[in-house]
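Worksheet: the structure to be examined is printed underneath.
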């Protein structure tokens with residue numbers, strides 16, 4: 392498995408071991424954890440990535456969103472177990488704020504960290520869809536528009552109106568809160 396730096400340059404090629412795993416759970420996580428030992432200590436900065444499914448035709452990069460340093464096992468050995476996350480997991484680091492004008496109504500804007508929403512579910516979902524699209528395009532992992540699709544089934548149905556209060560919420564958590572308020576699930580692919 393090739394590990395790349397943020398510029399797309401090869402850092403190193405590591406051998407995939409049996410302890411490497413892909414963990415994916417709807418609305419919770421999507422990551423690839425590699426595992427290997429080495430005699431050399433290497434630091435991996437934020438933005439380091441792998442393309443774990445390129446051999447299957449999927450070039451989606453999985454990133455380190457936190458810097459990574461290996462654990463020193465003894466004087467000559469380092470244990471590596473970095474967790475590379477799907478780009479959608481980046482939404483955990485992006486606040487979901489409401490942008491509003493100041494009290495005077497002039498052009499200066501304030502980002503509210505805590506705000507209630509009561510209104511059309513489709514308007515709220517369109518707002519978060521647009522923000523996700525802009526966020527993922529901003530980190531260079533989105534080349535096309537995100538399409539919002541609501542799949543109502545006999546088991547789950549999205550309500551026409553939603554009432555939810557966002558309090559220092561990231562976009563990933565906001566999606567979970569909207570899903571919980573509507574007793575449904577969300578998926579981004």
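Residue numbers (the working numbering): 392 to 580.
Ideal Cβ placement from N, Cα and C applies to all residues, glycine included.
Treat the numbers as computed from the prediction; the structure is a model and nothing was measured.
Might you give, ordered along the chain, the residues of its own chain that have their beta carbon closer than 6 Å to the beta carbon of residue i, omitting 5 neighbours on each side?
| i | result |
| --- | --- |
| residue 483 | 561, 563 |
| residue 392 | 405, 407, 441 |
| residue 415 | 421 |
| residue 509 | 554 |
| residue 423 | 413, 443, 453, 475 |
| residue 383 | With the chain running from 392 to 580 in the structure shown, residue 383 is simply not present. |
| residue 556 | 507 |
| residue 463 | 469 |
My guess is that residue i and residue j are in contact by the Cβ rule of under 8 Å, so how many angstroms apart are they, rounded?
| i | j | result |
| --- | --- | --- |
| residue 471 | residue 506 | The Cβ separation is near 42 Å, so there is no contact. |
| residue 481 | residue 519 | So it is not a contact: roughly 14 Å between Cβ atoms. |
| residue 469 | residue 432 | 5 Å |
| residue 437 | residue 452 | Rounded, the Cβ-Cβ distance is 13 Å, inconsistent with contact. |
| residue 418 | residue 534 | About 24 Å; that fails the 8 Å criterion. |
| residue 490 | residue 502 | 6 Å |
According to DSSP, simplified to helix, strand and coil, what is residue i?
| i | result |
| --- | --- |
| residue 502 | strand |
| residue 527 | helix |
| residue 563 | helix |
| residue 462 | strand |
| residue 569 | helix |
| residue 519 | helix |
| residue 433 | coil |
| residue 402 | strand |
Tell me, please, which residues DSSP counts as bridged to residue i.
| i | result |
| --- | --- |
| residue 420 | 416 |
| residue 427 | 471 |
| residue 511 | 552 |
| residue 440 | 395, 454 |
| residue 449 | Residue 449 pairs with nothing; no bridge assigned. |
| residue 478 | None; residue 478 has no bridge partner. |
| residue 558 | 505 |
| residue 536 | None, per the DSSP bridge assignment. |
| residue 483 | Partner(s): none; residue 483 has no beta bridge. |
Residue i CB to nearest chain C CB: under 9 Å?
| i | result |
| --- | --- |
| residue 480 | Here there is only one protein chain, and chain C is not present. |
Among the options, which residue has its Cα nearest to the Cα of residue i?
| i | options | result |
| --- | --- | --- |
| residue 487 | 467, 515, 460 | 515 |
| residue 578 | 463, 538, 399 | 538 |
| residue 525 | 556, 485, 508 | 485 |
| residue 467 | 430, 570, 447 | 430 |
| residue 479 | 522, 402, 403 | 522 |
| residue 409 | 569, 571, 425 | 425 |
Which same chain residues, not among the five before or five after residue i, have their C-beta less than 7 Å away from its C-beta?
| i | result |
| --- | --- |
| residue 541 | 549 |
| residue 512 | 549, 550, 551, 552, 553, 573 |
| residue 450 | 442 |
| residue 565 | 487, 519, 557 |
| residue 532 | 452, 478 |
So, for residue i: in the same chain, excluding its five sequence neighbours on each side, which residues have a beta-carbon less than 8 Å away from its beta-carbon?
| i | result |
| --- | --- |
| residue 455 | 435, 436, 437, 438, 439, 440, 473, 474, 475, 476 |
| residue 460 | 432, 434, 435 |
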